[in-house]
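In what follows, a single structure is set out as structure tokens and then discussed.
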Amino acid sequence: MTGGATPVQSPPMARYNPKETEPRWRKAWADADAFRAEMVPGKPKYYVLEMFPYPSGRLHMGHVRNYALGDVIARFKRARGFSVLHPMGWDAFGLPAENAAMERGVDPKGWTYDNIARMRAELKELGLSIDWSREFATCDVAYYGQQQALFLDFFERGLVYRKEAVVNWDPVDMTVLANEQVIDGRGWRSGAVVEKRKLNQWFLRITDYADQLVDDLASLDRWPEKVRVMQENWIGRSKGLKFKFKFGGPAPAGFEDGLEVYTTRPDTLFGAAFVGVAPDHPLAEQAAAQSAEAAAFIAECKKGGASQAEIDTAEKMGFDTGLVVKHPFDPDRTLSVWIANFILMDYGTGAIFGCPAHDQRDLDFARKYNLPVTPVVLPPGEDPATFEVAGEAYTGPGSIYHSGFLDGLDIEPAKAAAIERIEAQGEGEGATVFRLRDWGVARQRAWGCPIPMVHCDKDGVVPLPKQALPVALPDDLEFGKPGNALERHPSWKQTTCPKCGGPARRETDTLDTFVDSSWYFARFTDTASPVPIDKATADYWLPVDQYVGGIEHAVLHLLYARFVTKALADDGQVSVREPFAGLFTQGMVTHETYRLQNGDWVEPKDVEVVAQGDIRAARLVATGEPVTVGDVEKMSKSKKNTVAPGEIFEVYGVDAARLFVLSDSPPERDAIWSAAGVQGAWRFVNKVWEEFDSQPASDPVAEADEPALALRRATHKLVKQLTDAIDSFRFNSGIARLYEFLNLLKANPAKGASPALLAARQEALSAFSRLIAPFTPHLAEECWTRVGGDGMVAFAPWPEYDPALTEDAVRILPVQVNGKRRGEISVAAGAEPADVEKIVLDDPEIARRLEGLTIRKVIVVKDRIVNIVAG
RNA sequence: GCCGCGAUAGCUCAGUGGUAGAGCGCAUCCUUGGUAAGGCUGAGGUCCAGGGUUCGAAUCCCUGUCGUGGCACCA
0 MTGGATPVQS
10 PPMARYNPKE
20 TEPRWRKAWA
30 DADAFRAEMV
40 PGKPKYYVLE
50 MFPYPSGRLH
60 MGHVRNYALG
70 DVIARFKRAR
80 GFSVLHPMGW
90 DAFGLPAENA
100 AMERGVDPKG
110 WTYDNIARMR
120 AELKELGLSI
130 DWSREFATCD
140 VAYYGQQQAL
150 FLDFFERGLV
160 YRKEAVVNWD
170 PVDMTVLANE
180 QVIDGRGWRS
190 GAVVEKRKLN
200 QWFLRITDYA
210 DQLVDDLASL
220 DRWPEKVRVM
230 QENWIGRSKG
240 LKFKFKFGGP
250 APAGFEDGLE
260 VYTTRPDTLF
270 GAAFVGVAPD
280 HPLAEQAAAQ
290 SAEAAAFIAE
300 CKKGGASQAE
310 IDTAEKMGFD
320 TGLVVKHPFD
330 PDRTLSVWIA
340 NFILMDYGTG
350 AIFGCPAHDQ
360 RDLDFARKYN
370 LPVTPVVLPP
380 GEDPATFEVA
390 GEAYTGPGSI
400 YHSGFLDGLD
410 IEPAKAAAIE
420 RIEAQGEGEG
430 ATVFRLRDWG
440 VARQRAWGCP
450 IPMVHCDKDG
460 VVPLPKQALP
470 VALPDDLEFG
480 KPGNALERHP
490 SWKQTTCPKC
500 GGPARRETDT
510 LDTFVDSSWY
520 FARFTDTASP
530 VPIDKATADY
540 WLPVDQYVGG
550 IEHAVLHLLY
560 ARFVTKALAD
570 DGQVSVREPF
580 AGLFTQGMVT
590 HETYRLQNGD
600 WVEPKDVEVV
610 AQGDIRAARL
620 VATGEPVTVG
630 DVEKMSKSKK
640 NTVAPGEIFE
650 VYGVDAARLF
660 VLSDSPPERD
670 AIWSAAGVQG
680 AWRFVNKVWE
690 EFDSQPASDP
700 VAEADEPALA
710 LRRATHKLVK
720 QLTDAIDSFR
730 FNSGIARLYE
740 FLNLLKANPA
750 KGASPALLAA
760 RQEALSAFSR
770 LIAPFTPHLA
780 EECWTRVGGD
790 GMVAFAPWPE
800 YDPALTEDAV
810 RILPVQVNGK
820 RRGEISVAAG
830 AEPADVEKIV
840 LDDPEIARRL
850 EGLTIRKVIV
860 VKDRIVNIVA
870 G
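Everything in the first sequence is counted per numbering that gives the first Met the number 0, starting at 0 for the first residue and increasing by one.
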């Protein structure tokens with residue numbers, strides 16, 4: 000100010016201005032290369048990773064929450080002295096790019112990289128402590144070329160194979176669809192009825208690792224129990240018996256040894272009433288070839304819809320093939336062989352024996368076709384002479400009866416005895432069966448990682464040598480029509496056979512994008528390595544210490560990544576057998592929904608909500624039209640209940656947005672975004688700055704007065720609380736403690752404070768600026784500078800606390816009489832129970848309460864409470 | 001059907017044997033040169049229900065109710 004008419008008068012306090020401070024600090028971090036991850040021998044390392052985003056082109060609140068959560072951990076661990084790796088990349092292959100190409104005629108590659116550029120800018124605005132030097136996209140040829148090398152390694156080790164399999168085929172889009180992409184039997188995009196087709200497909204042998212994938216879940220003690228349970232269910236390990244029924248009469252071709260079935264209940268074998276095979280079982284196909292009736296029945300079965308409702312209500316249907324098999328324990332008994340619609344070909348052996356008394360499906364089937372229902376498990380307390388199974392199969396505990404040599408045994412011993420007998424007869428053996436199937440990884444899509452194989456008329460399917468890698472995607476793909484643009488490309492697939500040198504065709508299928516995300520975390524450890532994974536570097540950084548992402552990946556991505564890690568470990572490429580030592584699954588970001596009277600959804604930014612007492616009414620800002628406030632739901636475009644992060648950053652700053660999304664709920668639960676909430680966070684940011692701005696420079700004071708000591712105690716308690724809260728992912732409660740502490744600071748203002756209190760405030764503010772750094776990093780830098788902190792808070796060590804100061808010297812103990820609070824006494828911390836008892840009994844107020852009562856017992860819990868039992 | 005998770009103030013949640021708490025919201029009053037504000041004070045709770053264990057239960061156990069997530073004709 001150079002003088003003039005306006006009086007020179009600075010406002011009492013300068014408003015905090017995130018628009019100025021936030022970009023300034025982001026630049027300072029970038030200039031200092033503050034977050035570069037470095038291997039420091041002897042320094043403990045910490046690898047924090049959030050699930051990398053698909054580059055849709057737009058950041059949403061879910062991203063903000065996900066990356067803010069990870070950033071809290073990364074910044075905290077860095078301050079705690081760890082060498083932190085916190086990278087970012089892009090899960091960039093996949094259908095949306097091809098759909099955009101088809102619908103808008105854009106190039107998928109250009110579309111994807113444009114989106115990445117936009118999202119990178121938005122992510123950088125979040126002020127994340129990321130080592131951007133390691134950024135890559137899975138559609139970078141440098142990445143997928145290395146992935147092709149891994150695929151060849153897996154092929155060499157026998158983990159890749161090709162087989163004919165039944166797949167979901169969309170006849171309009173002309174591609175295979177994943178099960179998740181088939182909704183009520185129709186393609187999710189085209190709406191066409193999906194066909195079942197047999198196609199040659201590439202598979203990864205994940206089932207080779209099924210046992211390990213279940214067993215090793217037990218070692219993942221920093222994973223949510225829920226996710227471990229879901230994986231266990233998905234893998235679906237069951238132990239039972241596989242054995243062959245001998246045919247009673249001439250065996251059908253190919254079944255000379257018998258018909259193999261699988262059961263988890265060999266103890267109920269004597270209750271068998273029939274044998275059933277799946278409609279697509281080879282035996283059923285044979286029957287169809289010989290009988291028009293059987294063929295018609297099978298066709299009928301295949302018509303059944305795939306939707307859950309249809310499966311739930313589908314009636315049991317069967318067709319008697321006329322074949323019979325002999326009971327393994329009683330050769331005089333025969334069982335008829337049926338084709339049944341409720342038997343699945345891809346589980347077990349595709350054939351079962353039916354025990355109606357103890358399996359609900361078998362019972363329904365037996366009732367429909369008048370097959371015998373013989374109970375063989377007697378529930379405890381039931382009379383064997385009268386026990387019957389009527390409408391409900393009995394699946395509980397009991398002892399075996401009506402069962403020859405198994406009679407009198409409990410279920411488990413009976414299972415063992417039955418298996419032993421079958422094994423002795425050489426007809427089968429105990430077997431473990433999994434629900435998990437091998438992983439079909441081929442996609443008839445052009446925007447993916449090409450499978451490095453060629454087809455030669457002479458040599459068949461031949462892997463490319465590694466020197467031929469990468470197999471790069473061509474840049475001139477035509478996406479005008481559905482189907483695989485790679486297949487249509489005029490020249491790309493023409494090549495020569497690595498074996499015979501003759502003409503050959505490239506494989507035009509590409510890899511499932513889940514392959515891309517199954518090893519990216521390992522690539523982050525050295526993104527420039529000429530081999531897929533640089534072992535020494537990976538050994539330093541892996542495993543990922545803390546992985547953060549959505550629960551929606553609880554099974555597929557996390558299971559695939561675990562499998563690939565185990566396969567890589569067996570190949571000597573990494574040393575860890577589990578990729579993610581800690582997993583945190585965060586909740587979604589939700590928002591209220593708003594509708595006009597005509598039912599149209601409206602966006603939050605067009606709605607004004609007014610509180611009327613405890614009731615909330617809403618109206619449209621533009622017209623005043625009343626708006627109905629609906630349920631809180633996941634932010635989605637269809638319900639228009641989204642809030643654009645960029646608009647929030649613009650109004651309140653990045654720190655307020657981060658703070659609110661972290662403070663609202665425990666991180667694993669859904670967080671409800673609200674305008675009031677973010678305003679609250681914004682007010683907090685301002686109040687914090689006011690406290691720092693009002694603090695004058697002060698000198699350390701030797702003698703602390705009472706208020707100063709109280710503030711010091713609170714400060715040290717706060718440090719302990721925040722440390723514990725972040726360590727245990729209770730970010731919301733940590734932030735609540737910060738709110739409380741700010742109120743305490745305001746109650747002990749700098750204005751009028753004693754020198755001792757000013758010094759205590761100085762200590763408090765120094766700690767506070769470091770404690771808020773993981774949550775509101777820009778504000779923290781500004782505050783740190785204001786209190787004379789050394790360098791940037793991004794490099795500052797986490798504050799330490801003095802345990803002696805976190806404990807109060809004097810304790811107020813409630814005194815209960817018969818469990819009801821009747822008074823309190825104050826004693827020195829750590830006072831011995833005997834002394835406390837004496838003080839209590841000498842207290843006149845307590846004595847008055849005890850008048851006329853006999854003291855039976857006095858319970859003193861040190862530093863907590865006193866209870867007198869009297870009567 | 002099977003396997004989980006949850007229920008505490010109007011809202012979002014802490015508290016996991018020992019005095020029922022926080023933030024936001026709400027109300028009163030003050031301030032209106034901190035102004036898309038700020039401050040003081042306050043109200044508000046059968047800790048889902050019932051039973052059990054205990055000197056003592058929101059907390060541990062059992063049963064139920066409601067809500068919610070995952071899997072599911074998996075033999």
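The beta carbon of each residue, even a glycine, is placed where N, CA and C say it ideally should be. Remember, it's a predicted structure, so these values are computed and weren't measured experimentally.
Membership of residue 802 in the alpha helix (DSSP H) is indicated by the continuous run 802-805.
Leaving aside the five residues that flank residue 540 on each side, the residues in its chain whose CB is nearer than 7 Å to its CB run, in chain order, 44, 46, 84, 524. For the pair residue 733 and residue 684, the CB atoms are not nearer than the 9 Å cut-off.
Sequence-distant Cβ neighbours of residue 145 in its own chain, meaning closer than 6 Å and more than five residues away, are 531. Within the same chain, Cβ atoms closer than 7 Å to the Cβ of residue 213 are found at 231, 234, 236, the five residues on either side in sequence being excluded. The straight-line gap separating the alpha-carbon atoms of residue 801 and residue 762 is approximately 13 Å.
Secondary structure at residue 458: coil, using DSSP grouped into helix, strand and coil. Taking 9 Å as the cut-off, the Cβ atoms of residue 782 and residue 691 count as close. Secondary-structure assignment with DSSP links residue 198 through a beta bridge to 164. For residue 755, the closest alpha carbon among the candidates 703, 553, 382, 320 is that of 703. Cβ atoms of residue 206 and residue 240 stay farther apart than 8 Å, at about 19 Å. Here residue 156 is exposed, its C-beta having fewer than 16 other C-beta atoms within 10 Å. Boundaries of the alpha helix (DSSP H) around residue 359: 359-368.
Counting C-beta atoms within 10 angstroms of its own C-beta, residue 268 has 16 or more neighbours from the protein chains shown and is therefore classed as buried. Spatial neighbours of residue 626 in its own chain (CB-CB distance under 8 Å, excluding positions within 5 residues in sequence) are listed in chain order as 593, 594, 595, 601, 606, 617, 618, 619. The three-state reading of DSSP puts residue 636 in coil, since its state is none of H, G, I, E or B. Of the residues assessed, residue 841 falls on the exposed side of the cut-off, its CB having fewer than 16 other CB atoms within 10 angstroms. Assigned with DSSP and collapsed to three states, residue 565 falls in helix. Here the C-alpha atom of residue 80 lies approximately 15 Å from the C-alpha atom of residue 772.
Residue environment analysis places residue 324 among the buried positions, since at least 16 neighbouring C-beta atoms fall within 10 angstroms of its C-beta.
Secondary structure at residue 505: strand, using DSSP grouped into helix, strand and coil. Distances from the CA of residue 583 to each of 31, 727, 383 were compared; the closest alpha carbon is that of 727. Within its own chain, the residues whose Cβ lies closer than 7 Å to the Cβ of residue 501, once the five positions on either side in sequence are excluded, are 455, 457, 495, listed in chain order. Straight-line spacing of the CA atoms in residue 31 and residue 74 works out to 15 Å. Your pair residue 344 and residue 277 checks out as a contact, with CB atoms roughly 4 Å apart and the cut at 8 Å. Going by beta carbons, residue 355 and residue 392 fall inside the 9 Å limit.
Sorting 117, 341, 827, 203 by C-alpha distance to the C-alpha of residue 562 places 203 at the top. Pairing residue 62 with residue 360, the inter-Cα distance amounts to about 45 Å.
In this structure, residue 113 lies near residue 56, with their beta-carbon atoms less than 9 Å apart. Of the other Cβ atoms in all chains shown, fewer than 16 fall within 10 Å of the Cβ of residue 855; this residue is therefore exposed. Comparing alpha carbon positions, the residue from 497, 498, 505 closest to residue 486 is 505. For residue 659, the uninterrupted alpha helix (DSSP H) run begins and ends at 653-662, by DSSP. Annotation for residue 341: 315, 360 place their beta carbon closer than 6 Å to its own, counting only its chain and skipping 5 residues before and after. Runs of the alpha helix (DSSP H) lying entirely within the segment 419-507 and spanning at least 4 residues, in chain order: 484-487. For residue 514, the uninterrupted alpha helix (DSSP H) segment begins and ends at 512-515. Rounded to the nearest whole angstrom, the C-alpha separation of residue 72 and residue 796 is 14 Å.
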